[in-house]
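One line per chain: the protein sequences are D and B, in this order.
In terms of the numbering used here, the first sequence is residues 1 to 148.
In terms of the numbering used here, the second sequence is residues 149 to 460.
For every residue, glycine included, the Cβ atom is placed at its ideal position computed from N, Cα and C.
Here's the structure we're looking at; comments come further down.
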Amino acid sequence: MGLLDKAIAWGEKKSPWIIHFNAGACNGCDIEVVDALTPQYDLERLGILQQGSPRHADVLVCTGAVTLQTRDRLKQIYDQMSTPKFVVAVGTCACTGGIFDSCYCVTGGIDTVIPVDAYIPGCAVRPEAIIDAVGKLLATLDAKEAGK
Amino acid sequence: MLLSILKVLVFPGLLFLSVYSLVLEFVDRKVYARMQNRKGPPWYQPMADMLKLVGKKVIVPSNAQKFVFSALPTVSLAAVCAAFLCTPVWGETAITAYSGDLVAVLYLLTIPTLCHFLAGYNSHEVYSTIGAFRTLTQMFAYEVPLFMAFLSPAILAGTWSISGIAAFYHAHPLYALINLPAFFVSLLTSQSKLERTPFDAPEAETEIVGGALVEYSGRYLAFFRATAIAELAAVASVLAALFLPFFTGIAWVDFALYLVKTLVIVLMMVLLRATMARIRIDQTLRFFWSILTPIAMAQLILNLFLRGGLGL
Numbered sequence: 001m002g003l004l005d006k007a008i009a010w011g012e013k014k015s016p017w018i019i020h021f022n023a024g025a026c027n028g029c030d031i032e033v034v035d036a037l038t039p040q041y042d043l044e045r046l047g048i049l050q051q052g053s054p055r056h057a058d059v060l061v062c063t064g065a066v067t068l069q070t071r072d073r074l075k076q077i078y079d080q081m082s083t084p085k086f087v088v089a090v091g092t093c094a095c096t097g098g099i100f101d102s103c104y105c106v107t108g109g110i111d112t113v114i115p116v117d118a119y120i121p122g123c124a125v126r127p128e129a130i131i132d133a134v135g136k137l138l139a140t141l142d143a144k145e146a147g148k
Numbered sequence: 149m150l151l152s153i154l155k156v157l158v159f160p161g162l163l164f165l166s167v168y169s170l171v172l173e174f175v176d177r178k179v180y181a182r183m184q185n186r187k188g189p190p191w192y193q194p195m196a197d198m199l200k201l202v203g204k205k206v207i208v209p210s211n212a213q214k215f216v217f218s219a220l221p222t223v224s225l226a227a228v229c230a231a232f233l234c235t236p237v238w239g240e241t242a243i244t245a246y247s248g249d250l251v252a253v254l255y256l257l258t259i260p261t262l263c264h265f266l267a268g269y270n271s272h273e274v275y276s277t278i279g280a281f282r283t284l285t286q287m288f289a290y291e292v293p294l295f296m297a298f299l300s301p302a303i304l305a306g307t308w309s310i311s312g313i314a315a316f317y318h319a320h321p322l323y324a325l326i327n328l329p330a331f332f333v334s335l336l337t338s339q340s341k342l343e344r345t346p347f348d349a350p351e352a353e354t355e356i357v358g359g360a361l362v363e364y365s366g367r368y369l370a371f372f373r374a375t376a377i378a379e380l381a382a383v384a385s386v387l388a389a390l391f392l393p394f395f396t397g398i399a400w401v402d403f404a405l406y407l408v409k410t411l412v413i414v415l416m417m418v419l420l421r422a423t424m425a426r427i428r429i430d431q432t433l434r435f436f437w438s439i440l441t442p443i444a445m446a447q448l449i450l451n452l453f454l455r456g457g458l459g460l
């Protein structure tokens, strides 16, 4: 691993830009994600910025169980992100499907469509839990880099 | 020869520009965060963002023209670097000072805007096309007052060279007070040129995703970000040389003064960014054409009168 690769790996850990996607949530977890981005919690101190375009983002923050309507779009947005990229499932529905599991219009959790790197259970999740999970995800980046 | 190459490449040239623009971006974001009662990013944040973007995979849209798509970021960064070399940093004279370099700098600083437009247009995507046309519309709004405001001090000084203007106002510091309306206009037009709030309708990320750069990723996006912060440094340097005429004649004291002056200008721009919300593109047009252009024109006529009529 050269010096430049090390510097890039360091930059990856220090500057995760997120994009928020609602895959069919009841909006509870979305409110909490927005809550985590407010000045009260100030995610920018960890280098986290919210981006509008999937091309610019590193972490896809998904909420809600995947419905049939959003399944293709979720896959498309994931494919539009440039590698290395990570997915965080926010909320119980995003982890397993929650109370909407085995509903006629629901595919299940986020990991039935795209690979997920971190699961944050909770209904609705607390902003502190989101920040903690992102921190833990960043801490595991080293192991991922080694395994690639 | 070797010394001048070193001057261009290391100090006060390109290496200084890259370090200083990272510092300015940090100051920009940190002060912005403090004004919102947040803690703000750590000091290494701009560098971490750049390194991460360099390491990411570049995706070129299949319907974009590949050569144009990949050449635009480099062209815009090169233009901004060339503009920065014409501004005085160490002492009163720039590394590449020649008569008429103010006009050259103004045109060089237009190139990144045109590159933004072409980048958005070439991406063939709905949001980027909207962003591209907003960029162009906004350019037609701010370009006229910007040119008039930047050329007013030059007309009073009777020279078109930035270093010459700085030397003139060093000799007559009180004349700079005449240019205060032009300074006000040029601060607002620079804010619009840099596409910062309240004039960031071209890249409104909550509305048209990210404007012209929606399809850019990886190191090309890093180049465009580098262009934006280097443009901030270049514009702040030009404003400092034209409107804040405090020089001592001792090179290192002037360098310290240069840092103070550019930081003050950047702080004023952050204050604008932190205290105002985004205005619509038609409001931007109306504001520039009906308020700032008359002010800039009055300043231009006043300076022409003072120069020609009174023979200052």
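Listed along the chain, the chain D residues whose CB falls inside 8 Å of the CB of residue 186(B) are 39, 42, 44 and 45.
Nearest CB-CB separation between residue 207(B) and chain D: below the 8 Å threshold. Distance from the CA of residue 82(D) to the CA of residue 116(D), rounded to the nearest whole angstrom, comes to 16 Å. Every alpha helix (DSSP H) stretch that sits fully inside the segment 360-392 of chain B and reaches 4 residues is listed by chain position as 366-391.
As the crow flies, the alpha-carbon of residue 167(B) is around 16 Å from that of residue 230(B). Contact between the segment 203-214 of chain B and the segment 269-286 of chain B is present, with at least three C-beta pairs closer than 8 Å. Close to chain D, meaning a Cβ-Cβ distance shorter than 7 Å, is no residue of the segment 209-236 of chain B at all.
Taking C-beta atoms under 8 Å as the contact rule, residue 245(B) and residue 311(B) qualify, at a distance of about 4 Å.
Residue 365(B) and residue 56(D) have their alpha carbons spaced roughly 6 Å apart. Exposed is the label assigned to residue 38(D), since fewer than 16 other Cβ atoms lie within 10 Å of its Cβ.
Checking the DSSP bridge columns, you'll see residue 89(D) partnered with 62(D) and 119(D).
Secondary-structure assignment with DSSP links residue 270(B) through no beta bridge to anything. Considered as a whole, the segment 284-370 of chain B harbours 310-319 and 328-341 as its complete alpha helix (DSSP H) runs of no fewer than 4 residues, in chain order. CA-CA distance, residue 184(B) to residue 224(B), rounds to 32 Å. Residue 247(B) and residue 233(B) have their C-alpha atoms roughly 14 Å apart.
Under the Cβ distance rule, residue 128(D) does not count among the residues neighbouring chain B, no pair being separated by less than 8 Å.
Within chain D, no residue has its beta carbon less than 9 Å from that of residue 253(B); the closest one is some 30 Å off. The continuous alpha helix (DSSP H) containing residue 414(B) extends over residues 399-423.
Between residue 411(B) and residue 341(B), the CB-CB gap reaches or exceeds 8 Å. By the neighbour-count criterion, in which a residue is buried when 16 or more other Cβ atoms sit within 10 angstroms of its Cβ, residue 409(B) is buried.
Judged by their CB atoms, residue 289(B) and residue 360(B) are not nearer to each other than the 8 Å cut-off. Cβ-Cβ separation between residue 120(D) and residue 91(D): approximately 7 Å, consistent with a contact (criterion under 8 Å). In its chain, beyond the 5 residues on either side, 448, 451, 452 and 455 have a beta carbon closer than 8 Å to the beta carbon of residue 303(B). Look at residue 8(D): its C-beta is under 8 Å from a C-beta on chain B. In the DSSP assignment, residue 223(B) falls within the alpha helix (DSSP H) that extends over 214-232. In the structure shown, residue 22(D) adopts extended strand secondary structure according to DSSP, grouped into three states.
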